[in-house]
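Numbering (full-length UniProt numbering), first residue to last: 1 to 49.
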Amino acid sequence: MDDSYIQIYNVQVNEVKTKLKGHHKRITGLAFSNSLNVLISAGEDYQVN
């Protein structure tokens with residue numbers, strides 16, 4: 001598995017809905033704001049997306 005992708009997974013149908021690429025190295029943190037409808041990631045490449 002490539003640790004530089006975020007996979008959005010639908011557990012009801014047991015499938016990956018989409019893969020998000022935004023880091024060049026391993027992703028180390030992930031946060032979701034339901035009120036802002038935003039997904040934020042941090043990685044070993046020192047980026048926040």
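Virtual Cβ for every residue (Gly too), placed ideally from N, Cα, C.
Since the model is a prediction, treat every value here as computed from it, not as a measurement.
Neighbourhood of G29 by C-beta, 7 Å cutoff - its chain only, sequence neighbours within 5 removed: S41, A42
Could you give the DSSP three-state label for Y46: helix, strand or coil? In this structure, Y46 counts as coil in the three-state DSSP scheme.
Alpha carbons only, please: which of Q12, R26, Y46 is nearest the one belonging to V4? The identity of residue 4 in the sequence shown is Ser, whereas the question assumes Val. Closest by alpha carbon: R26.
When DSSP labels each residue in this structure, what does V38 get in the three-state scheme? Looking at V38 - three-state DSSP - the assignment turns out to be strand.
What three-state label does DSSP hand G22 in the structure shown? coil
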